Each structure stands twice: as structure tokens, then as C-alpha cells.
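Note sheet for the following structure.
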Amino acid sequence: MEITEKDVLRTTTKLSANDILDGKVLSVKWTPNLKYAWDNGPAIGRYLAELKNGNVIAKKCNSCNRVMIPPRMFCELCWRPSDEWTFVHDTGTVNTWVVSHVDWKAGRLDIAGGIRPYTPAVIEIDGASKGMGILHLLDEVDPWKIFRGMKVKAVWKPAEERTGSITDIKYFKPIE
Amino acid sequence: MTKRVAIIGVGTTGFRATTPDVSYRELTYEAATKAYLDAGVEPKQIDAFVATSEDFLEGYSIADEYSPDQLGAVLKPIYTVSGDFLQSLASAQMMILSGVANIAVAQGMSKASNMLTLSDMVTFAMDPIYNRPLGESPHAVAGMEMARFLYETGTTREQCAQVVVKNKRNALTNPLAGHGVALNMDYVLNSEIVSSPLAQLDISPHSDGAVVVVLAEENTAKVFSKKPIWIRGIGWCSDTPGLETRNWGQAVYAQMAGDMAYKMAGIRNPRKEINFAEINDEFSYKELQHLEALRLFKKGEAGLVTEMGGTEISGEFPVNPSGGCLGVGNLFDLNGGHTVLEVVLQLRGEAGKNQLSNITTGLAQSWRGVPTTTGAVVILSN
Amino acid sequence: MALIERHQKTTEVSYWEGQIPMSYIYTVGRGGEKFFNQMKEGKITGAKCSACNLIYVPPRIYCEKCFARLEDSYLDVSPKGKVHTFTVCHEKFDGSRKEESSIVAVIRLDGTDGGLVHYLGEVKPEEIVIGMPVEAVFKGAADRKGDLFDIQYFRPLSK
Amino acid sequence: MRRVAIVGAGLTKFYRNTLETPKELAYEATKMALDSCEMRLSDIDSVVMGTAPDAFDGIHMKGEYLSDGAGAFRKPYMRNFVGGGTGVFAPIHGWFHVASGMFDTCLVVCEEKMSSAYPHPAGAFLTIFDHTTEQPLFPTLIWIFAIEMNRFMTTHGYRKEDIARVAVKNKKNAMDHPSAQLPAEITVEDVLNSEVMAWPVNRLDISPTSDGAACLILAAEHVARRITEKPIWLDGVGWCLDSAYWCTRDLYYPDYLEVAARQAYKMAGIKEPSKEIHIAEPYDPFTYKELHHIEGLMLAPRGKSVQMLVDGVFNRDGNLPCSPSGGLLGVGNPIAAAGLMKVIELYQQLKGEAGKRQVPGNPSCGVANAWGDLMQVGTVVVLRK
Chain A
1 MEITEKDVLR TTTKLSANDI LDGKVLSVKW TPNLKYAWDN GPAIGRYLAE LKNGNVIAKK
61 CNSCNRVMIP PRMFCELCWR PSDEWTFVHD TGTVNTWVVS HVDWKAGRLD IAGGIRPYTP
121 AVIEIDGASK GMGILHLLDE VDPWKIFRGM KVKAVWKPAE ERTGSITDIK YFKPIE
Chain B
1001 MTKRVAIIGV GTTGFRATTP DVSYRELTYE AATKAYLDAG VEPKQIDAFV ATSEDFLEGY
1061 SIADEYSPDQ LGAVLKPIYT VSGDFLQSLA SAQMMILSGV ANIAVAQGMS KASNMLTLSD
1121 MVTFAMDPIY NRPLGESPHA VAGMEMARFL YETGTTREQC AQVVVKNKRN ALTNPLAGHG
1181 VALNMDYVLN SEIVSSPLAQ LDISPHSDGA VVVVLAEENT AKVFSKKPIW IRGIGWCSDT
1241 PGLETRNWGQ AVYAQMAGDM AYKMAGIRNP RKEINFAEIN DEFSYKELQH LEALRLFKKG
1301 EAGLVTEMGG TEISGEFPVN PSGGCLGVGN LFDLNGGHTV LEVVLQLRGE AGKNQLSNIT
1361 TGLAQSWRGV PTTTGAVVIL SN
Chain C
2001 MALIERHQKT TEVSYWEGQI PMSYIYTVGR GGEKFFNQMK EGKITGAKCS ACNLIYVPPR
2061 IYCEKCFARL EDSYLDVSPK GKVHTFTVCH EKFDGSRKEE SSIVAVIRLD GTDGGLVHYL
2121 GEVKPEEIVI GMPVEAVFKG AADRKGDLFD IQYFRPLSK
Chain D
3001 MRRVAIVGAG LTKFYRNTLE TPKELAYEAT KMALDSCEMR LSDIDSVVMG TAPDAFDGIH
3061 MKGEYLSDGA GAFRKPYMRN FVGGGTGVFA PIHGWFHVAS GMFDTCLVVC EEKMSSAYPH
3121 PAGAFLTIFD HTTEQPLFPT LIWIFAIEMN RFMTTHGYRK EDIARVAVKN KKNAMDHPSA
3181 QLPAEITVED VLNSEVMAWP VNRLDISPTS DGAACLILAA EHVARRITEK PIWLDGVGWC
3241 LDSAYWCTRD LYYPDYLEVA ARQAYKMAGI KEPSKEIHIA EPYDPFTYKE LHHIEGLMLA
3301 PRGKSVQMLV DGVFNRDGNL PCSPSGGLLG VGNPIAAAGL MKVIELYQQL KGEAGKRQVP
3361 GNPSCGVANA WGDLMQVGTV VVLRK
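Residue numbers (the working numbering), protein chains in the order written: chain A, 1 to 176; chain B, 1001 to 1382; chain C, 2001 to 2159; chain D, 3001 to 3385.
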């Protein structure tokens, strides 16, 4: 039998966000404390350590000849232990990108007020195999001038500020 | 059940309090490598995979994303069961019986040592409206259940302490176990009360580790394995989740899961037809409560038999020869993986010093821990 | 281990710290609205399933056994009940030790199949036995806000 | 392999915020499904729960909390979870329960209450990214969709104004759906002028966050024939996950969906999907994603889906109606329940009980898919009359 308007309307009670915040309906609050310390393992451990040194390191699989970044202890396609470490460049090519007016909490950036939108991109790293990209941010470029295939270079934090993190690279900027 | 399904390969990393030198990727990769070697299969030959994970116990809000790579399941049929490992095993078996897969793999992992606020996470499983606002520790739920179980069955704290002594000693001779120790009952009875009558040593410490199990349809199993271990029966059940209306003395979920498995296996008298069991003992009293729920012992009898050594490795009905959660470590949703693994090793005669003699049928049982009323049972034969 | 290369020095081992930064507001639902608004009036509410002859406390809009709708069979239930089980808890929910322990109990309310998980007060732990009759102690009407703590605790039935 | 049929369905109204607790949402959908075919809870052998991240409803091991609302009291009950793909995977998991012979009936329940997450459920999407190499950049789900849409557009030369037609089509279709949260008569200009979220994605390109639940009842053939004279058969199932390294994939084409679709089509004996499939419910959390999935389901050649959209092929009265339900864009997106809503739409269309949404031509074979995780999950079901 058909699911009609009548059947469906009785099932849920519509609320506005304010009904809850103003206490028109009763509610209970809770903020869980969910903290973690994830073991990096040899691959990610070395990746971060080399970022601190200002290098970008990858790992090769001699079976499918991929130069993999971020490095990993096994090749997930050939399903065998990966082979030698190889340093790759801190330059690359924009595979695809975004001009984002929102942050991770779905808050809107004050673009009108002069805040630059976020421009994250998938960047294919030179030296890694074709199509092997990483997510990172673009900056020092007009958001509307970014194009597919644009050549970019990493802008590093000063050595003393680097902590061994992906954010040791502040962003990528176009290579003139 | 026309078709039969067998376990043709198992692999594990063993269970330790911490595994600081490997990430979750390498941990599962090792277990999978060993399991596929044990079964004599390549990932290419595996038709379907089932991963087991709970988001908050991995630190992702969609942990399922990070399951295919380390199992060699990229662009292959894989999905995640957010439940206990035995439910994943049941899922893998159902895929084989449905004809969708000949060889299927079930995987589970614990990185409990990476969870810095584990107690907060278990609290986060409580009912947010009627229970969590009290802000009480999840161990209060276990304390209240232990109190009711002792009250209803006449089991004593000393008998629960004897479970701890037995399991932690068994763990000393189980190379896979992480928390073996030789102690006597006083250690347990005098350990600090956490939530009466539950003392610190009544509670399993947690461990890291991974288990991968390879299942195969009957004919395939006979081709690949010299010692296939047959799944004769499997069952799982969830009782009411509410604290207010549940049965606090009995593990009804374990009884119903057991009955489902016994029916499938054609077992009428479990105590006679089953030789040994790996039972969930996240808290000491749970081993006794589960044994009685599974009709292996009558009400109040499990504690007595344990006191007299009946459930020791040398006893009439060995329970947790591996050391159980108390000896191996609580692995959360991997607990079922540990019990299945140990029963398979025993039935294949590969349990080393703890090896039981002339056994044909074993039972593996698991429970999803506080505050759940969900458990599963699998019955295996060689 | 199935890896070609492993950490050989304990100082090489590293980890990455992080968290899941979420917070929540839970509506108490249709059953909860009835229960907590009645709590403000100093009453405890249940929901009766006549088919299964069960009275659920806290009240819910469905019977879990037969799935009958119970929304129009709410009823007041007795504030008196029995201690079904209890514990003296020394640990906070984050796993740390409490300075002062608290007594938590499952109280089966008389004439119902449900009850409440709440505190026991005005009693010493050694005096409590399973099955002991207790009664709810409500806050003063002015202090009640429509939450679980409108009941301060349950205490032994005054002799 | 036993043949398995859908014999009953239930669906709640979708809203951005609801009063009901997750249990109550699950109950309403499950009760409606049982009533739709006059079955009692005692007739049900097993229950499967599909629900997406616990981080939305705010309860760890959410499956356990939901069990009594899903009718699983003292029954075999299991929760599956493949991210956004859960809504279409849940009936597949249910299919195993029945096709394996372990059970004759299975209740498939999907629920999501995203409004418990405060201030906004989007925050839960920060932690789907790799916690070490990606989270420090504070990414959000909209970034990864916009990244994929951009790649999809630049590869095929698709234009935003063409892709926007999906929102126009689906929100209009949703006008006839009783559960719809955001039905609307809008134009392409409305979409293009709506707030930029993350170019190339505008506000009207995205489906809303919602609270809602859905339920299907599966039965083995001999049981299904006793319950209804119009069983709808679940003849094809397929599912697949790609690698978690999403930056190593060319995002213009969903390989994972093609692999899953081939599995489902093979099982259903379908050789020419674009000819043998009469109706489709491709997963549409974003406008471009419906087209992305139409190509992945091999219902349109790669690079040709926009032209077919412009030609009206996917309209309700077109040759291949897509998302006649109104999809996630129109009806709403309570993640797991959204995927099941689309399967329920096929069930009703094939039974001829879709009311005002009924597509002409008496369709007899339909496909639905869901997508999820990091551009990674394809789940596909093929239904037949």
C-alpha cells in the first residue's frame, strides 16, 4: 500500500533549533572527552620526521613501480611489503582544487570582510608516481586564477618552528 | 543447513598492553599476512571481507574507510560490522552460504592503548537521557550486575577471585597472552574496590592486537586445508538495552545466542557434547554467569566447580585455557576474535603448553561489554 | 612481523595526538517530555502495555516486546520501590578515583516492570540489602527543573 | 541461493531537527513497515541495523542503543556500517541473512539523528580524514565533494549551469514525496546564485542534514508469497570499497561503483544495464554526484550524462527516470535512512504504488546505489517485479 502524507506526518515532530535552545522542549547536554595518541608506525613516523627536516619522503613498490606518498610499509595494490625509501620534491601539480567559503564547523568565512577563502587542493607531488597526490592548501595566489595543471612549490615553516607535521609545509604557491 | 563452512586459516599479532612500534595499518597487515599464509590463499582468491570496528575505539568518525588496504581488499567486496568479531564471522559465513563468496575473511583489531580516555568512551555508550547524566563510571554497571548475580546464585566473591587466579595463570603459558601473572586469591580479594563488589583485579586490563580468520565453503575448504575447523553452530542475540528493565542476574543474551547455536549444531546436551570453552570474562563474575547462561552448568554451580578446579586445563570442563580476557587482555570488539582463535588452535592441536588432549568440539563466546546486552556464540569441531 | 623494516630503537617510536571535538544536545523525545514534565510535578510516570501486561518506567512510546503503541497509556506510578541491585562506586566516569564514593542503585518501582537508576541517600552502605523498600525524595517544587535530579535520591522507607 | 523479496516498507518524515529520540525514530519507521504488510514483531526472525557515524547521534555503539527501537528485542541483531553507503548496504546485509537460509525474514532498519550534534553535524566530518596527514589541515566533507566535482567538470568539460539542473529536477520531484524536507520549485539561476559553499559547490547543490528513519522487511520466497501477491525481488547485490588513499584516485570516475554495479548486474543476469534498467535511484548527496553515479552505474557513457540530463532522459517521464523520489536533494539526507529511502522508492515504483511520483511505462527493473566514506564506497541493489 502507498505511504501517504497521513502515515508520515504522525511519525516525527518538527522542531527549530531555537525550540531546543530556548527550552521549549527538554534536552540534555554532553561533551565527550575523546582523546587519542595514535602510534605512527615506521612509515608515517619517518614521513613526519623528514617533514621536520624539510624533506618529503616516499616509498617505492618494485612490483607496481609506484612511488607512494604518504609512504606506507606495504603496497595496498600488490599486497606485499614496500621497498626502498626515496626522497621526492616539494613541488607538484594541481590535480584539482576548491575555493572554500566555509570552515570545518560549517561556519562561513567573512569573505566580504576581506578574509581570503581557503583554497585546498590535491597536489600531485613531483618524483612520486603519476596521479599520486596529497591534500594540502594553496596560498599566495588569486583563488580564481588557480587552474588544473598549475605548477606549485611548498612554502615551509622556518626550521626552528617545524615540529614534524604536515603543517610544517604552510602551503603551496604557484611557481612563476 | 545443506552447505557447511570451515575455518581454513587464522592469523594474529598476539596481544600486548601496548604496540607502540606499529600503526593500526601494520598491525592488521601482519595478522592478515599470517592468516592468508596459514590458509594458503592469496588476497586475489578471497571473494569477500568483513571488518569489525567501532568508530570511537579507533578515533575516526568513519573507521570503515581505513579497513580495505591492510587486508588486500582494495576495490573488492568488503564492509564493516560495528559489533563483535563473532558477528563479523557470522556475516562472513552467511555470505558463503548465500553463494556470493567461496572464500571469505573476517578481521578485527584493538588499539586500546591509543585511546587516552577509554573510560569516557565507554561512558559515551550509556543512555544520554536516563543514565549518563548521573556521571557514574561504567564499572558501576558491572558492580551492580555482579552484586545481583552473587545474590541470585549464591556465588561468592572468592569463587569469582578463583576465576582470576586460573585465567591469569593459564595466560603465563600462552605465548599470545599479554597479562599473565601467578597470584593467589588474596591478591584479588584485597585489591582496591572499584565499584562494590567489583575489585580492581576482577577487571580485565586492555590489550592491543589483531586477528584475521579465513573461512571457506566445504569443498574449497577440503582442497585448501588439511585440518579444516567446521562451524557447526553460530548464534547471536541482543536483549533490551535499557538498564531499568533488563535482567541483572542472568545473561539472557548469552543463553539465547547459545540456544541458537546449539539448535544449528544439533547439540542437545552442551555439557556432554562440548569438550571445552573460551568464555567472555571481561569481569571475573561474567565467566561464571555466562557458563550458567550457556547451560554448561546449573544455577550457582559454575562457581563451585571453579573452586574445585573443574574448569582448569586439567579439569573436567576446561574454561579459558588461553587465559581469557583477564589473562590475554580485554580487546573490546576483538574479544570474539580472540576466543575463536584459541578454540581453532586447540582443535588443531597447536595450543602449545595449554594444549588440551583428545578434544573434538569447542565453544567460543563473546559479549560486547558494558552497557550492552549483546553476545554471540560459535561452536567449532575438527 | 610481516614488515621488511622495523623500529630498532625505542627512541624512534612516535605517535600523533588528536581528538574528536564534538558536543551534543539530546532532546528527551516524546516519552521523555511526558516523564520529565511529570517529574517537575513530583510524579513518576510509566507506560502500560496491556497486551503484554507490562508497565515500563521510564515511559516509552512503544512496547519493546510486541511493538504496540503506548503513547496514550501513560500512568502515574508509585514513588516507592525495592532496591533491585546496588553498588558503592569509587570511580568517576573518566576512570579517576572519587574522593567520596556514591551509592548507585537500580530501583524497581512497586507495581511496575521498570524503575530508575539513581542514588541512595540517608543510608550507610552496610545497611543496604537487595530487596530493601525505598522511596523517592523529591526536591522542593521550586527547585525542580524537569530533569533526573528532580529526585535527589531514594531513601529507606521511613519506619 | 534462495530468492529474497521486499514485502513491507516504512519511512518517517525527514526534518532538520526532530523531538524524537533515535529509538523513537527507529520505532516509527519499523512500526509502519510491519503495519504495511500486517506482520507482527513475532513474525520477524532477525534484524539488521544500518546507521552511519555514531558521531551524529552522539552515542558510542549506537547500534546497541537503537536495538529495542528497531524491534530487535531478544532477536539476532547486527549493525553494519559503510559510511554513507550504509543505506543501500543494509538491505544487502539483510539479503545475506535470508539468502543464506539462516533466517526466513529480516527487518532492515536505518536511522540517523544528525541534529543531536551541536552546533552542526559538519564537525563530525573533520575526523573522517586521516588523523595524522590530513586532519591538521582542518578539512571538511564539502571540500572533498567540491574537489571531486571540480575534477569531474574539468575532465568532461561539464558546466555548473547544466549540473544545477539535477537540483531543479530532484527538488521538484520531492514536491510529491510525503517525507520531503526541502521540496521546491527552483530554477538553474536560483542554484547558481545560492551562496557559494566551496566553489564549484553552491548551497543548492547540497542535500540538507536531516533526522529520519526508514525500514524494509525482507522475506524468503515461500514466506513472501504468503504475505503479498506483489513481492518485489532483490535480485542483484553488489558492494565494494576502494583504497583509503583517496588522493591517489582520479576522482572524475567512481571505479568502486562500477565494480559494485557489475557484481549486482551479474547476479541479476543484466547484460545491458542502460537498456534493461527502467528506473534508477542514483545517490545524490550533491547535484554532480547523481551524474557521477549514473555514469558509474553504466547507465550513461562517461562524459555523456549531462547531455542526457539536458535532453530530459532522467525526468520522471523520460526514458530512464532518475531519482523520481526527489532524492537526497529534495527529500533529505539522514545518511543511512536516505539510502534506504531510495530503495523504498524503487520498491513502491515497481509495485505501482508511488502515487503522484509514479513513473509511466510500468517499470519492472530498477537499480539504486549509495556512496560513502572518502569517495570510496559503492553499494548497489537491483530490484525486479
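We treat Cβ as the ideally placed atom computed from N, Cα and C, and that holds for glycine.
Just so you know, these numbers come straight off a predicted model, no measurement behind them.
query                                                                                                                                 : result
Proximal residues to Gly2146 (chain C) (C-beta, below 7 angstroms), its chain only, five neighbours per side dropped                  : Phe2036, Asn2037, Met2039 and Lys2040
Simplified DSSP state of Met3298 (chain D), which is helix, strand or coil                                                            : coil
Rounded separation between Asp3068 (chain D) and Gly1040 (chain B) - CA only                                                          : 42 angstroms
Inter-residue spacing [alpha-carbon to alpha-carbon] between Ala1198 (chain B) and Met68 (chain A)                                    : The displayed chain sequence assigns Leu, not Ala, to residue 1198 (chain B). Approximately 50 angstroms between the Cα atoms of the pair.
Interface partners of Trp1248 (chain B) on chain C, CB under 8 angstroms                                                              : His2084, Thr2085 and Val2106
C-beta neighbour in chain D for Pro1068 (chain B), strict 7 angstroms                                                                 : yes
Partner residues on chain A for Gln2019 (chain C), Cβ-Cβ distance less than 7 angstroms                                               : Leu34, Lys35 and Tyr36
Own chain partners of Thr91 (chain A) with C-beta closer than 6 angstroms, once the 5 adjacent residues on each side are dropped      : Asp126 and Lys153
First and last residue of the uninterrupted beta strand (DSSP E) at Ser1110 (chain B)                                                 : Ile1103 to Lys1111
Chain A contact residues for Thr1117 (chain B), given Cβ-Cβ distances below 7 angstroms                                               : Asn33, Leu34 and Lys35
Partners in chain B for Val28 (chain A), counting only beta-carbon separations shorter than 7 angstroms                               : Pro1128, Ile1129 and Pro1133
Ordered list of beta strand (DSSP E) runs contained in the stretch 1060-1130 of chain B, each at least 3 residues                     : 1078-1081 and 1103-1111
Within-7 angstroms CB hit, Arg1025 (chain B) to chain C                                                                               : no
Segments of 3+ residues assigned as beta strand (DSSP E) that fall wholly inside the stretch 3170-3204 of chain D                     : 3196-3199
Under 9 angstroms from the C-beta of Gly41 (chain A): neighbouring residues of chain B                                                : Asp1021, Val1022, Ser1023, Tyr1024, Arg1025, Glu1026 and Leu1027
Segment contact flag, the stretch 3006-3015 of chain D with the stretch 3341-3351 of chain D, C-beta cutoff 8 angstroms, min 3 pairs  : yes
C-beta contact flag for Val1340 (chain B) and Ala1364 (chain B) at 7 angstroms                                                        : yes
For His2118 (chain C), the nearest candidate out of C:Asp2143, C:Leu2148 and C:Arg2097 (CA to CA)                                     : C:Leu2148
Simplified DSSP assignment, three categories, for Glu2017 (chain C)                                                                   : strand
Thr3086 (chain D), DSSP secondary structure in three states                                                                           : helix
Met1256 (chain B) to Trp3143 (chain D) span [Cα, whole Å]                                                                             : 47 angstroms
Chain A within 7 angstroms of Asn1114 (chain B), Cβ atoms only                                                                        : yes
Proximity test, Cβ basis, 7 angstroms: Val2057 (chain C) and chain A                                                                  : no
When B:Ile1078, B:Ile1274 and B:Ala1293 are compared against Ser1067 (chain B), the one with the closest alpha-carbon                 : B:Ile1078
One or two residues paired with Ile175 (chain A) in a DSSP bridge                                                                     : In DSSP, Ile175 (chain A) forms no bridge with anything.
Buried versus exposed call for Ala2141 (chain C) [16 or more other C-beta atoms within 10 Å across all chains shown]                  : exposed
Segment contact, 8 angstroms Cβ cut-off, at least three pairs: the stretch 1331-1340 of chain B with the stretch 1211-1219 of chain B : yes
Delimiting residues of the beta strand (DSSP E) encompassing Lys3113 (chain D)                                                        : Thr3105 to Lys3113
Contact list for the stretch 50-81 of chain A against chain B, Cβ threshold 8 angstroms                                               : Arg72, Met73, Phe74, Glu76, Leu77 and Trp79
Cβ separation of Phe1332 (chain B) and Gly1369 (chain B), assumed to be a contact under 8 angstroms, to the nearest whole Å           : 7 angstroms
Where Gly2030 (chain C) falls, given that 16 or more other Cβ within 10 Å makes a residue buried                                      : A small fix is needed here, since residue 2030 (chain C) is Arg in this sequence, not Gly. Its Cβ being crowded by 16 or more others within 10 Å, Arg2030 (chain C) is buried.
CB contact flag (Glu3290 (chain D), Val3166 (chain D), <7 angstroms)                                                                  : yes
Leu1027 (chain B) versus Gly1249 (chain B) - alpha carbon distance                                                                    : 38 angstroms
Straight-line Cα distance separating Leu1294 (chain B) from Ile1274 (chain B)                                                         : 11 angstroms
Interface partners of Gly2146 (chain C) on chain A, CB under 8 angstroms                                                              : Leu26
Contacts of Val3196 (chain D) in chain A (Cβ-Cβ under 7 angstroms)                                                                    : His101
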